[in-house]
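Structure, as structure tokens:
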Amino acid sequence: MPRVKIDDFEIYYESQGSGEAVLLVPPNWWPCATWNVQVVPTLAMKYCTIIYDQRGTGNSDKPKDGYTVAQFAQDGIQLLTKLGVAKCHLVGFAIGGQVVQAMAIARPDLVASLTISTTGSGSRGLDGKPRDVGPEALNEIAKIGFEKYILEHIDNDHMAYNPEYYHSHREQAARLAKALWSGQSTVEQYRVHELARLTWDTLAEAPKVKVPTLVLCGADDGIQRRGSTPEAAARALAPLIRGAELALIPGVRHMTFWDGTGALAKLQEFFARHPISQ
6 MPRVKIDDFE IYYESQGSGE AVLLVPPNWW PCATWNVQVV PTLAMKYCTI IYDQRGTGNS
66 DKPKDGYTVA QFAQDGIQLL TKLGVAKCHL VGFAIGGQVV QAMAIARPDL VASLTISTTG
126 SGSRGLDGKP RDVGPEALNE IAKIGFEKYI LEHIDNDHMA YNPEYYHSHR EQAARLAKAL
186 WSGQSTVEQY RVHELARLTW DTLAEAPKVK VPTLVLCGAD DGIQRRGSTP EAAARALAPL
246 IRGAELALIP GVRHMTFWDG TGALAKLQEF FARHPISQ
């Protein structure tokens with residue numbers, strides 16, 4: 006089991022393929038095994054993919070503190086340093102998009118390209134007002150159980166997937182759900198990771214990004230997050246980053262990289278236009 010020491014704890018990681026390095030950062034309570042469903046098998050044909058469990062998730066250690074976007078970013082930077090990666094393509098999904106944004110701001114020299122996908126506005130809403138994490142999730146977990154809560158939020162055709170794709174790819178959707186649940190730890194770890202999204206203001210930090218950036222989201226991602234949606238957040242974010250490209254993938258809902266193959270095709274096209282060797 007490959008692990009590297011970061012400060013006083015260890016992070017689990019996996020690497021597959023060869024070529025330019027691509028670091029894939031999941032939502033901070035998702036285990037990295039979720040990337041092994043469709044995403045890594047596709048990208049590893051051309052690239053060296055690196056995935057890892059963030060602190061407190063999957064096979065990584067679970068320290069008592071450090072659950073902020075800025076600290077997650079430093080963990081990722083240290084991982085790249087320990088692996089000897091001088092430059093890579095950064096890809097973050099959902100809260101992982103906040104993490105790669107923070108990494109690109111802190112260490113632009115490490116970044117050939119940055120992809121922020123399906124990412125919310127962070128600590129403030131699109132109206133500029135502070136956001137919070139209400140009790141709804143914990144109340145629902147108490148009512149139906151942690152496993153059912155996790156699975157119902159990812160394995161469905163009304164929020165996660167386009168219905169046509171979902172029903173024709175049930176095995177793939179089931180594998181993603183299994184990978185997500187099998188790497189969960191405790192409700193408390195879920196809670197601290199959810200709170201972490203409020204430690205970063207995605208929109209306010211956006212002008213600090215100085216690397217080639219793709220803002221990627223499903224065009225039909227209408228999941229509600231305190232009065233906003235990922236699609237609306239993507240539209241607001243892209244103009245704040247100089248030169249950023251906005252790509253809204255038609256027919257795709259919240260599981261951007263798993264709801265069809267359009268997002269992965271766009272991602273690889275973006276990588277090709279921003280090679281590490283340039």
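FYI, the numbering for the sequence shown is 6 to 283, going by our numbering. Where a beta carbon is used, it is the ideal one built from N, C-alpha and C, also for glycine. Model, not experiment: these values are computed from the prediction.
Contact under 8 Å by Cβ, residue i with residue j
i, j, result
"residue 235", "residue 228", "yes"
"residue 40", "residue 56", "yes"
"residue 143", "residue 120", "no"
"residue 187", "residue 38", "yes"
"residue 195", "residue 34", "yes"
"residue 256", "residue 167", "yes"
"residue 269", "residue 47", "yes"
"residue 241", "residue 126", "yes"
"residue 223", "residue 258", "yes"
"residue 27", "residue 52", "yes"
"residue 261", "residue 208", "no"
"residue 36", "residue 66", "no"
"residue 43", "residue 263", "yes"
"residue 151", "residue 68", "no"
"residue 106", "residue 214", "yes"
"residue 217", "residue 267", "no"
"residue 84", "residue 18", "yes"
Counted within 10 angstroms of its Cβ, other Cβ atoms place residue i as buried (16 or more) or exposed
i, result
"residue 169", "exposed"
"residue 110", "buried"
"residue 238", "buried"
"residue 149", "exposed"
"residue 252", "buried"
"residue 134", "exposed"
"residue 81", "buried"
"residue 172", "exposed"
"residue 226", "buried"
N-terminal and C-terminal residue of the beta strand (DSSP E) that residue i is part of
i, result
"residue 251", "250-254"
"residue 124", "Per DSSP, residue 124 belongs to no beta strand (DSSP E) and is neither H nor E."
"residue 4", "This structure gives no information on residue 4, because the portion of the chain shown stretches from 6 to 283."
"residue 26", "26-30"
"residue 246", "No beta strand (DSSP E) contains residue 246, which DSSP labels as neither H nor E."
"residue 56", "53-57"
"residue 9", "8-11"
Limits of the unbroken alpha helix (DSSP H) element including residue i
i, result
"residue 272", "267-278"
"residue 79", "74-87"
"residue 42", "Element bounds for residue 42: n/a, residue is neither H nor E."
"residue 96", "Taken as a continuous stretch (DSSP letters only), residue 96 belongs to no alpha helix (DSSP H), being part of the beta strand (DSSP E) at 93-98."
Cβ separation of residue i and residue j, assumed to be a contact under 8 Å, to the nearest whole Å
i, j, result
"residue 102", "residue 124", "3 Å"
"residue 128", "residue 200", "No, residue 128 and residue 200 are not in contact; Cβ-Cβ is about 11 Å, not under 8 Å."
"residue 32", "residue 77", "Going by Cβ atoms, the distance from residue 32 to residue 77 rounds to 11 Å, so no, they are not a contact pair."
"residue 181", "residue 159", "7 Å"
"residue 281", "residue 92", "5 Å"
Q. Residue ranges of each alpha helix (DSSP H) run of no fewer than 4 residues wholly in the segment 148-234, ordered along the chain?
A. 151-157, 168-173, 175-187, 192-201 and 207-210
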